[in-house]
Structures are given as C-alpha cells and as structure tokens.
Amino acid sequence: MIEDLREKDPVIVWEGGALRELNQVRWDDLILDAMAAAGKLEEDVQKDRKGAHWKAAFARELRKHSMAGNAWIAKRLNMGHPSEVTNLVVHSTTVLWALATS
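For the sequence shown, my numbering assigns the number 257 to the initial residue and increments by one for each residue that follows.
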C-alpha cells in the first residue's frame, strides 16, 4: 500500500504520524461500513454493552483484516480496556469454531 501511495504522490512521506493517521481513517471506514451493514448507529457504540456480540465480531474481523491495535479498537468501539478486546476476540472465535465443528 505504501508503495502505491509513494507512486501516486512522491512528495508526501507516508510514515510515522501520517501513516498512522491514514491507517486509522482506513480502519474507521471499515467499522462504519460494518456498522451500516449491521444496522448499527454511532449511538449504539456508546449505549450497547462493552462486550456486545456485534462489537466482538467487528473487533475480530478488524484484527483479521488489518493491523488495528487493541487500544484503537477498544476506544473506537467503546469496549473498555484494550486487553478486553483480546479476551472477547478469542472467546468469539472459540464459540464460532465450536459451532462450526459441532
């Protein structure tokens, strides 16, 4: 991805803060797309439980398809402490695996 950006605009240095910002915008777009598909609104992020199933599913998919960290995911989806993201992702993956293999 960085190489593509450098080819399009070699004047911009895509590293450090600029790259972090670009990634966060990309991750946020993924969350917004998933929320729209699931019929979730921004207010649901605040009002639903920190460990809501849809939040765990979004976190799991975001971790699978991006380099988004637990701290960013926890803050964006109002999931509490970043370590809780790991717990919820592992638990939701285990549950899905159990359902798929039963």
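C-beta: ideal position from N, C-alpha, C; glycine also.
Query raised in the report: Beta carbon of Met335, beta carbon of Lys311: below 8 Å?
Result: Yes, these two residues count as a Cβ contact at 8 Å.
Query raised in the report: Buried or exposed: which applies to Ile258, given that a residue is buried once 16 or more other Cβ atoms fall within 10 Å of its Cβ?
Result: Below a pLDDT of 50, predicted positions are generally treated as unreliable, and Ile258, at 49, falls in that range; no measurement from the model is reported.
Query - Three-state secondary structure assigned by DSSP to Leu297 - result: When secondary structure is reduced to three states using DSSP, Leu297 falls in the coil class, being assigned neither helix nor strand.
**Report entry** Proximity of Arg316 and Val345 at Cβ, strictly below 8 Å
**Finding:** Taking 8 Å as the Cβ cut-off, Arg316 and Val345 qualify as a contacting pair.
Report task. Would you please state the rounded distance, in angstroms, between the beta carbons of Ala330 and Glu340? I believe it to be under 8 Å. Result -> Between Glu340 and Ala330 the Cβ distance is about 7 Å, and since that is below 8 Å, they are a contact.
Query - Exposure label - Leu297; buried when at least 16 CB within 10 Å - result: So Leu297 ends up on the exposed side.
Query raised in the report: If you follow the alpha helix (DSSP H) that Asn334 is part of, which residue opens it and which one closes it?
Result: Boundaries for Asn334: no alpha helix (DSSP H) harbours it, and the DSSP string shows neither H nor E there.
Report task. Alpha carbon to alpha carbon, how far is Arg332 from Ala293? Give it in angstroms, no decimals. Result -> About 17 Å.
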